[in-house]
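Peer 1:
Numbering (this note's numbering), first residue to last: 2 to 389.
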């Protein structure tokens, strides 16, 4: 064999992690559990010796002070770190270093793991830090918002914001496990609760006509936060997201197609431009309305379907329009329009140069589009404005 010969290397790495759905995991002391809590509790029991730290979103314990002690007792962790949640945590330049210094001080190694309890932003930031620590320390996610339980917390992404772009720095690192405890949603403000419904509408529109139909027939119950319907929404929404990740053929998004980001190019831009006064779910809901209108503009969807989607979003107490979109309705050369249209360019760069925006060919049928003209986006904005 000469030095100039070529050596080809190929290997596969299987990934597997459980997602538990439970209600009241922390009601009983210690790592035990009964009834529907048994599977999640017994799993955590097997992980007891490796769990070395606990990161908690302040919003989870602010209204229920006893929760923090319950968490610490449950995981037998004396020194939990409480972080202020919300999108701002993903923009703190030192958040990753802060967590790394903490874990270095605790002398953790890559065979240890941390439990992260919180909303999507805390899960993203702390999960990213864990994924870098010693080239990858495990983390167990316990999402505490509707959106995190049905989407952000069950997938394989971790990251932080930078240069005014969402998730500009990040990685794909599956969690060790995900535990959705319905009881953690009990103290959510209405805005945060309803925001999680946006991702359910999104995945239903691109992947499941049956789920979309169910949402329309149960929107009143969901608006009233009926537990049975909310639990079903979370479970099915999480399942559909996990199906895409595990069966879609591109779990780490090496290609350009990103069907799960329907409504997100505008949503991400609105989050940044409003300094996150709009929640992720609210911004995505506005993006869903606009991208549904864009589907109509491109001749992919009937106009009456836009009316139905807008009605559903409103019925779920989600916004469909914003003053920034209204200001962008003048001309495609206006500064207001270009600020929003930049979201498409951000996505193109994020995807590696090839634009791929998911639109709709029907209610429940996604369709990837590779070219979108400014005039078409402007017409879509105006179409939604006409319904408001």
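Quick reminder that beta carbons are idealized off the backbone N, C-alpha and C, glycines included. The structure displayed is predicted, hence computed values, not measured ones.
Report the rounded CA-to-CA distance for residue 297 versus residue 312, giving the unit in angstroms.
Peer 2: Counting from one through the chain shown, the residue named residue 297 turns up at place 296. Counting from one through the chain shown, the residue named residue 312 turns up at place 311. Residue 297 and residue 312: Cα-Cα distance of roughly 16 Å.
Peer 1: Let me check one thing: in DSSP terms, what residues is residue 56 bridge-paired to?
Peer 2: In the chain shown, counting from the first residue as 1, residue 56 sits at position 55. DSSP, once it has assigned bridges, lists 82, 117 as partnering residue 56.
Peer 1: Contact between the stretch 42-53 and the stretch 84-102 is defined here as three or more beta-carbon pairs at a separation below 8 Å; is this criterion met?
Peer 2: The answer is no - the stretch 84-102 does not touch the stretch 42-53, with fewer than three Cβ pairs under 8 Å.
Peer 1: Can you list, in chain order, the residues of its chain with a C-beta nearer than 7 Å to that of residue 209? Leave out the 5 residues immediately preceding and following it.
Peer 2: Here residue 209 corresponds to residue number 208 of the chain shown, with the count starting at 1. Excluding sequence neighbours, residue 209 sits near 241, 365.
Peer 1: Helix or strand or just coil, what does DSSP make of residue 50?
Peer 2: Within the chain shown, residue 50 is the residue found at index 49, counting from 1. Three-state DSSP puts residue 50 in coil, outside helix and strand.
Peer 1: Between the beta-carbon of residue 263 and the beta-carbon of residue 206, is there less than 8 Å?
Peer 2: Position 262 of the chain shown, counted from the first residue, corresponds to residue 263. Position 205 of the chain shown, counted from the first residue, corresponds to residue 206. In contact: residue 263 and residue 206 (Cβ atoms closer than 8 Å).
Peer 1: Jot down the residue ranges of each uninterrupted beta strand (DSSP E) in the stretch 140-181, minimum 3 residues, whole runs only, in chain order.
Peer 2: 158-163, 166-173, all fully within the stretch 140-181.
Peer 1: Quick one, which of 215, 22, 196, 72 has its alpha-carbon nearest residue 28's?
Peer 2: Along the chain shown, read from residue 1 onward, the residue named residue 28 stands at position 27. Residue 28 has its Cα closest to that of 72, out of 215, 22, 196, 72.
Peer 1: Consult DSSP for residue 385 and reduce its assignment to one of helix, strand or coil.
Peer 2: Here residue 385 is taken as the residue at index 384 of the chain shown, counted from 1. Residue 385: helix per DSSP, three-state reduction.
Peer 1: Enumerate in chain order the residues of its own chain whose CB-to-CB distance from residue 360 is below 7 Å, with the five nearest sequence positions on each side excluded.
Peer 2: Reading the chain shown from its first residue, position 359 is the one you call residue 360. 292, 295, 296, 299, 301, 368, 370.
Peer 1: Can you give the Cα-Cα distance for residue 151 and residue 237, rounded to whole angstroms?
Peer 2: The residue labelled residue 151 in the question sits at position 150 within the chain shown. The residue labelled residue 237 in the question sits at position 236 within the chain shown. If you take the alpha carbons of residue 151 and residue 237, they lie about 8 Å apart.
Peer 1: Please look up how many angstroms separate the CB atoms of residue 341 and residue 224, rounded, as I've assumed it's under 8 Å.
Peer 2: Residue mapping note: residue 341 aligns to position 340 of the chain shown, counting from 1. Residue mapping note: residue 224 aligns to position 223 of the chain shown, counting from 1. Rounded, the Cβ-Cβ distance is 29 Å, inconsistent with contact.
Peer 1: Could you give the DSSP three-state label for residue 106: helix, strand or coil?
Peer 2: Translated into the one-based positions of the chain shown, residue 106 becomes position 105. Looking at residue 106 - three-state DSSP - the assignment turns out to be helix.
Peer 1: What is the DSSP secondary structure of residue 360, reduced to helix, strand or coil?
Peer 2: Here residue 360 corresponds to residue number 359 of the chain shown, with the count starting at 1. Of the three classes helix, strand and coil, the one that applies to residue 360 here is strand, per DSSP.
Peer 1: Which stretch, first to last residue, makes up the beta strand (DSSP E) that contains residue 23?
Peer 2: As a working mapping, residue 23 is identified with position 22 in the chain shown. Per DSSP, residue 23 belongs to the beta strand (DSSP E) from 20-23.
Peer 1: If you run the structure through DSSP and keep just helix, strand and coil, what is residue 231?
Peer 2: Taking the chain shown and counting its residues from 1, the one referred to as residue 231 is at position 230. Of the three classes helix, strand and coil, the one that applies to residue 231 here is helix, per DSSP.
Peer 1: At the level of alpha carbons, what is the spacing between residue 30 and residue 62?
Peer 2: The residue given as residue 30 occupies position 29 in the chain shown. The residue given as residue 62 occupies position 61 in the chain shown. Low confidence applies to residue 30: its pLDDT is 43, below 50, so where it sits in the model is not reliable, and the reading given next is rough at best. So the two alpha carbons sit approximately 17 Å from each other.
Peer 1: Note the first and the last residue of the continuous beta strand (DSSP E) segment covering residue 329.
Peer 2: Along the chain shown, one-based indexing puts residue 329 at 328. Premise fails: residue 329 is in no beta strand (DSSP E) and is neither H nor E.
Peer 1: Give a yes or no on contact between the stretch 118-130 and the stretch 141-159, applying the rule of three or more CB pairs nearer than 8 Å.
Peer 2: Taking 8 Å as the limit for Cβ pairs, the verdict is that the stretch 141-159 does touch the stretch 118-130.
Peer 1: Under a Cβ-count criterion, where at least 16 other Cβ atoms within 10 Å of its own Cβ denotes burial, should residue 141 be classed as buried or exposed?
Peer 2: Looking up residue 141 in the chain shown gives position 140. Under this definition residue 141 is a buried residue.
Peer 1: Per DSSP, residue 368 forms a beta bridge with which residues?
Peer 2: Start at 1 with the first residue of the chain shown, and residue 368 comes out as number 367. Its beta-bridge partners are 360.
Peer 1: Less than 8 Å between the C-beta atoms of residue 326 and residue 165, yes or no?
Peer 2: Here residue 326 refers to the residue found at position 325 of the chain shown. Here residue 165 refers to the residue found at position 164 of the chain shown. Not in contact: residue 326 and residue 165 (Cβ atoms no closer than 8 Å).
Peer 1: Between 372, 197, 388, which has its C-alpha nearest residue 412's C-alpha?
Peer 2: Residue numbering for the chain in the displayed model covers 2 to 389; residue 412 lies beyond these limits and cannot be assessed.
Peer 1: Should residue 280 go down as buried or exposed, given a rule of 16 or more other Cβ atoms within 10 Å for buried?
Peer 2: The sequence position of residue 280 within the chain shown is 279, counting from 1. Looking at its Cβ environment, which holds 16 or more other Cβ atoms inside 10 Å, residue 280 is buried.
Peer 1: Considering only C-alpha positions, which residue in the set 70, 90, 252 is nearest to residue 81?
Peer 2: Start at 1 with the first residue of the chain shown, and residue 81 comes out as number 80. Considering only alpha carbons, the answer is 70.
Peer 1: Hey, how far is the Cα of residue 109 from the Cα of residue 18?
Peer 2: Working through the chain shown from its first residue, we reach residue 109 at position 108. Working through the chain shown from its first residue, we reach residue 18 at position 17. Residue 109 and residue 18: Cα-Cα distance of roughly 22 Å.
Peer 1: Let's see if you can read the secondary structure: which residues bound the alpha helix (DSSP H) around residue 307?
Peer 2: By 1-based counting over the chain shown, the position of residue 307 is 306. Its alpha helix (DSSP H) spans residues 304-316.
Peer 1: Should residue 269 be labelled buried (16 or more other beta-carbon atoms within 10 Å of its own) or exposed?
Peer 2: Reading the chain shown from its first residue, position 268 is the one you call residue 269. Buried, because 16 or more other Cβ atoms sit within 10 Å of the Cβ of residue 269.
Peer 1: How is the alpha helix (DSSP H) around residue 268 delimited, first residue to last?
Peer 2: Start at 1 with the first residue of the chain shown, and residue 268 comes out as number 267. Note, residue 268: alpha helix (DSSP H), 265-274.
Peer 1: Over what stretch of residues does the alpha helix (DSSP H) that includes residue 286 continue unbroken?
Peer 2: Locating residue 286 in the chain shown gives position 285, counting from the first residue. Start and end: 281-298.
Peer 1: Classify residue 174: buried if its beta carbon has 16 or more other beta carbons within 10 angstroms, exposed otherwise.
Peer 2: Residue mapping note: residue 174 aligns to position 173 of the chain shown, counting from 1. Buried, by the Cβ-count rule.
Peer 1: State the Cα-Cα distance for the pair residue 113 and residue 54, rounded to the nearest angstrom.
Peer 2: Residue mapping note: residue 113 aligns to position 112 of the chain shown, counting from 1. Residue mapping note: residue 54 aligns to position 53 of the chain shown, counting from 1. For residue 113 and residue 54, the distance between alpha carbons rounds to 9 Å.
Peer 1: My understanding is that residue 56 touches residue 117, with C-beta atoms under 8 Å, so please give their C-beta distance in whole angstroms.
Peer 2: The residue given as residue 56 occupies position 55 in the chain shown. The residue given as residue 117 occupies position 116 in the chain shown. Rounded, the Cβ-Cβ distance is 5 Å, consistent with contact.
Peer 1: For the alpha helix (DSSP H) holding residue 223, just list the boundary residues, first then last.
Peer 2: The residue labelled residue 223 in the question sits at position 222 within the chain shown. Start and end: 210-224.
Peer 1: Compute the beta-carbon to beta-carbon distance between residue 59 and residue 85, rounded to the nearest angstrom, for a pair I have assumed lies under 8 Å.
Peer 2: On the chain shown, residue 59 is found 58 positions in, with the first residue counted as 1. On the chain shown, residue 85 is found 84 positions in, with the first residue counted as 1. About 5 Å; that satisfies the 8 Å criterion.
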